[in-house]
Structures are given as structure tokens and as C-alpha cells.
Amino acid sequence: MQNIRTGFVFDESLNSSFLAELFEGDTIYAETVFEDFLRDLPVYWERVEAAYSSKNLPVLGTTVHTCKTLFGYVGFTDLQELCQQFENKCSVNSVEELRLEYILLIQRKEKAQHIIEKEYDRLRLFNEMKD
Amino acid sequence: MKLTCIIVEDIQIAADFLRKFCEKSDLVEVKGHFLNVEEALEYLDKERVDLLFLDVEMPGANGFDLLDRLTYSPMIILTTSKTEYAFNAFQYHVDDYLKKPFTYKRFQEAIQKLQQKAAAAQTPATPATAIPAQNADTDFLFIKAEDKLIKLKKDDILFLESMRDYVKFVTPVKNYITYSTLKNMEEKLIGPNFLKVHRSYIVNINKIDDIRGNTIYLLGNQIPIGKGHKEDVAARLNIL
Numbered sequence: 012m013q014n015i016r017t018g019f020v021f022d023e024s025l026n027s028s029f030l031a032e033l034f035e036g037d038t039i040y041a042e043t044v045f046e047d048f049l050r051d052l053p054v055y056w057e058r059v060e061a062a063y064s065s066k067n068l069p070v071l072g073t074t075v076h077t078c079k080t081l082f083g084y085v086g087f088t089d090l091q092e093l094c095q096q097f098e099n100k101c102s103v104n105s106v107e108e109l110r111l112e113y114i115l116l117i118q119r120k121e122k123a124q125h126i127i128e129k130e131y132d133r134l135r136l137f138n139e140m141k142d
Numbered sequence: 004m005k006l007t008c009i010i011v012e013d014i015q016i017a018a019d020f021l022r023k024f025c026e027k028s029d030l031v032e033v034k035g036h037f038l039n040v041e042e043a044l045e046y047l048d049k050e051r052v053d054l055l056f057l058d059v060e061m062p063g064a065n066g067f068d069l070l071d072r073l074t075y076s077p078m079i080i081l082t083t084s085k086t087e088y089a090f091n092a093f094q095y096h097v098d099d100y101l102k103k104p105f106t107y108k109r110f111q112e113a114i115q116k117l118q119q120k121a122a123a124a125q126t127p128a129t130p131a132t133a134i135p136a137q138n139a140d141t142d143f144l145f146i147k148a149e150d151k152l153i154k155l156k157k158d159d160i161l162f163l164e165s166m167r168d169y170v171k172f173v174t175p176v177k178n179y180i181t182y183s184t185l186k187n188m189e190e191k192l193i194g195p196n197f198l199k200v201h202r203s204y205i206v207n208i209n210k211i212d213d214i215r216g217n218t219i220y221l222l223g224n225q226i227p228i229g230k231g232h233k234e235d236v237a238a239r240l241n242i243l
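Below, the structure is given as C-alpha cells:
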């Protein structure tokens with residue numbers, strides 16, 4: 012879907028109508044947020060991995076909760092839902108029971124990170140051309 | 004009128020968005036950003052602000068812990084990505100609830116609502132402020148309730164409870180609800196026998212039967228003592 016106000020077209024896997032409303036045509040700020048996302052997500056994800064390895068479910072739930080919020084700011088609203096479900100299960104399930112869902116979450120996170128890397132590059136180019 | 008605020012938020016992107024929205028609105032001045040409850044409380048112990056943007060889930064203590072320990076009552080906007088806190092938010096009388104990530108439009112709606120509230124609180128002749136003779140030296144007060152000005156003897160009041168934009172006066176025989184804020188009551192009406200023991204409660208210390216743990220018992224009512232008010236309560240009640 013095209014962001015009518017700026018002409019920038021977000022990747023179809025992102026919730027572009029929400030992003031258009033969030034950034035209100037400010038592609039420079041969008042670039043900053045996408046850059047920040049790429050800076051912060053690996054830091055939080057390390058905590059997710061550490062919590063999973065140590066079977067610390069309360070911390071696992073909290074760190075996934077933080078990642079969920081980050082995904083929201085770059086338009087991954089569907090991934091937010093997946094994180095929410097995982098977060099909820101952290102308070103009732105064991106690490107063993109969560110294994111398959113954890114693997115799915117990793118796969119989705121990797122894919123999301125890759126998409127945002129590409130979107131960030133595109134935003135940067137778009138903004139450079141505007142200048 | 005520009006509101007002063009602090010942002011209590013552990014996610015940098017979320018805090019940056021909020022700061023940007025505040026600047027864009029030109030209605031809110033950000034005095035600081037704190038990554039956790041302890042740092043925020045340290046600041047709030049020294050400085051007063053009109054408004055807190057408060058995340059709920061943070062490392063260590065959460066946003067509700069901060070509210071328990073606050074010794075005064077700024078306006079509160081909870082910022083969270085979970086809707087499950089809505090009930091708690093209602094119990095803590097927070098002023099608004101923004102689900103992250105939120106848009107500038109939603110932010111503006113919340114701020115405009117708070118500005119109206121702040122302006123109403125500053126208006127000198129709000130219904131509950133009643134007649135000029137009403138001050139800390141008199142042994143009565145007038146409150147507007149049930150479409151009339153009702154004279155209440157201060158000694159008859161058991162406690163006052165905040166109900167968002169209203170205050171409930173509880174007496175042994177009847178309760179009265181009036182349009183005002185607890186802050187308004189605390190500043191303008193209450194005399195030396197009254198003590199704020201919680202963000203949402205002011206009690207008549209003469210009416211206290213006993214205190215068990217963090218709960219005050221008075222005439223069958225149980226009033227929580229806020230963490231941030233414990234020292235004041237102990238000092239005022241001469242607890243040995």
C-alpha cells in the first residue's frame with residue numbers, strides 16, 4: 012500500500028496504513044525509528060535468548076513483551092500478536108512446552124529484522140533523493 | 004497553559020516518540036525521561052510536575068509501584084502495550100491510557116482532555132470550593148452535592164476518596180460525591196486533623212480506630228496506606 016502523503020511505499024508485510032498514521036509523512040523520522048529498531052532489537056533479543064536458555068519464564072515473558080512493543084513501531088502488528096500469545100503462555104507453560112513456538116518466534120523475528128534492514132536502506136535512499 | 008511532565012519508559016523508541024509528540028504539540032514540556040521507577044521517584048521527590056507518562060512494565064518495579072509511592076497527585080497517563088491493565092488503571096484513577104504504539108492524534112486527544120481538567124482545577128469558583136469563609140480554621144465546610152450546598156462538619160467526615168474528577172466524602176451516616184479533585188480538597192479545605200495517607204485517600208485522624216500493617220481501620224472502613232505516605236503517617240500519628 013502506498014503512503015499517499017510521501018510517495019514512499021512500505022513493504023507489504025508491514026501495516027502501512029498504521030505507519031502512515033504514525034509517521035504522518037515524516038520519512039526522516041521513520042528512517043530514525045527504523046534505525047533505532049535495528050540497534051535495539053538485537054540487544055533485547057539477547058535477553059530473550061538468555062531467559063530461554065536459563066528457563067526463566069517471567070523474564071522471558073517480559074523481554075518478549077518489550078520486543079513486541081518494538082515490532083509495533085515498525086508496523087509489524089501481526090508479529091505483535093504472536094509475541095502477545097507467547098508472552099501469555101510464559102505464565103502458564105513450561106519452557107519445554109514453548110519450544111516449538113519459540114522456534115517459530117525466532118524465525119519470524121529473523122524475517123522481520125531482514126525486512127526492516129531493507130526498509131531502512133530504502134528509506135535512507137528515499138530521503139537522500141528528497142534532499 | 005503548558006503542562007510539565009516526565010516520561011517513565013524503559014524503551015527508548017517509545018520515549019523518543021513521546022518526546023517528539025510533546026514538542027510537536029507545544030502543550031507539554033518534558034522535564035525528564037527516566038528508564039525505571041527508582042530514578043523517576045528520586046526526581047519526583049525533589050521536583051513536582053503536572054503530568055506523568057508512565058509505562059507499566061519496566062525492569063524492577065512497575066508503574067503501579069511508582070503510583071503507590073508517590074506522595075502527591077500529578078495527572079497520570081499510562082503508556083503500555085497491554086490492555087489487561089485497564090482495570091488497575093481504573094483503580095488507580097489514572098487520567099488516560101495510551102496503548103503503544105499510539106498516534107499523534109490519540110496523544111493530542113489525551114492532552115486536550117487533561118488540559119481541560121487542569122484549567123477546571125485552576126478556576127477559583129469550582130462548585131466544591133464553595134463559600135470564601137471556608138478555610139482550614141473553620142470547623143465546617145460546604146460542598147456542592149445533590150444540587151445544593153451541603154454543610155458538613157469536618158469532625159463528621161471519616162475520610163475522602165478520590166474518584167477521578169470527583170471526591171467522595173464519607174461520613175458515618177451518609178456519603179456525598181462532589182465535583183472536585185482530592186488535590187483541591189487537600190490544599191483548600193482540609194485542616195490539621197486530616198492526613199493524606201494514599202494517593203486516593205485523605206482520612207480524619209481523629210476517627211482512626213486502629214492500623215494493621217498498611218491498612219487503616221475506621222468505623223468499618225479499610226483505607227490503604229500508600230508506600231510513599233508511610234513516613235508521613237508514622238510522624239503525624241506519633242507511631243512509636
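Just so you know, the protein sequences line up as chains A and B, in that order. Position one of the first sequence corresponds to residue 12 (our numbering), numbered consecutively onward. Position one of the second sequence corresponds to residue 4 (our numbering), numbered consecutively onward. By construction, the Cβ of each residue, glycine as well, lies at the ideal position given by its N, Cα and C atoms.
As assigned by DSSP and simplified to three states, the class of residue i
i      : result
Y38/B  : Per the sequence presented here, residue 38/B reads as Leu, with Tyr not at that position. DSSP places L38/B in coil when its eight states are reduced to three.
M4/B   : coil
R51/B  : coil
N217/B : coil
N104/A : coil
L86/B  : The amino acid occupying residue 86/B in the given sequence is Thr; Leu does not appear at that position. T86/B falls in the helix class under three-state DSSP.
F145/B : strand
F105/B : coil
Y100/B : strand
V11/B  : strand
K177/B : coil
L240/B : coil
Y40/A  : helix
L81/B  : strand
A136/B : Confidence at A136/B is low in this model, with a pLDDT of 42, below 50, so the placement of that residue is unreliable and no value is reported for it.
N196/B : coil
H45/A  : Before going on, a small fix: residue 45/A reads as Phe here, not His. If DSSP states are grouped into helix, strand and coil, F45/A belongs with the helices.
Y169/B : strand
L57/B  : strand
E112/B : helix
E32/B  : strand
Terminal residues of the beta strand (DSSP E) in which residue i lies
i      : result
S27/A  : Taken as a continuous stretch (DSSP letters only), S27/A belongs to no beta strand (DSSP E), being part of the alpha helix (DSSP H) at 27-34.
S183/B : Careful: S183/B lies outside any beta strand (DSSP E) and carries neither H nor E.
V206/B : 204-207
K151/B : 151-156
Buried versus exposed, by CB contacts within 10 Å (16 or more), residue i
i      : result
K1/B   : Outside the displayed span of chain B (4 to 243) sits residue 1/B, for which this structure offers no information.
G18/A  : exposed
F93/B  : exposed
G86/A  : buried
G229/B : buried
H125/A : exposed
S105/A : exposed
P195/B : exposed
D58/B  : buried
E108/A : exposed
R202/B : buried
N209/B : exposed
V176/B : exposed
S64/A  : exposed
R51/B  : exposed
D212/B : exposed
V236/B : buried
Q245/B : For chain B, the structure presents residues 4 to 243; residue 245/B sits outside this window and is missing.
D262/B : Residue 262/B is absent from the model: chain B starts at 4 and stops at 243.
Interface residues of chain A facing residue i [CB-CB closer than 7 angstroms]
i      : result
Y107/B : E35
S203/B : In chain order: nothing, as chain A lies at least about 28 angstroms away.
N- and C-terminal bounds of the alpha helix (DSSP H) containing residue i
i      : result
V70/A  : 68-84
K120/A : 110-141
S165/B : Taken as a continuous stretch (DSSP letters only), S165/B belongs to no alpha helix (DSSP H), being part of the beta strand (DSSP E) at 162-166.
P227/B : Note, P227/B: premise wrong, no alpha helix (DSSP H); beta strand (DSSP E) at 224-227.
F67/B  : 66-72
Where residue i meets chain B, residues with beta-carbon distance less than 8 angstroms
i     : result
D51/A : I14, Q15, I16
F48/A : I16
T73/A : E60, P62
Neighbour list for residue i in chain A, Cβ cutoff strictly below 9 angstroms
i     : result
S28/B : What S28/B touches in chain A: nothing, since even the nearest Cβ is about 13 angstroms away.
CB contact below 8 angstroms: residue i versus chain C
i     : result
E60/B : Included in the structure are the protein chains A and B, with no chain C among them.
Proximal residues of chain B, C-beta to C-beta of residue i below 9 angstroms
i      : result
Y84/A  : I14, I16, A17, F20, K103, P104
E32/A  : T106, Y107, K108
V145/A : No answer is possible for residue 145/A: the residues shown for chain A start at 12 and end at 142.
H76/A  : E60, S84, K85
Neighbouring residues, chain B, relative to residue i (Cβ below 7 angstroms)
i     : result
K79/A : S84
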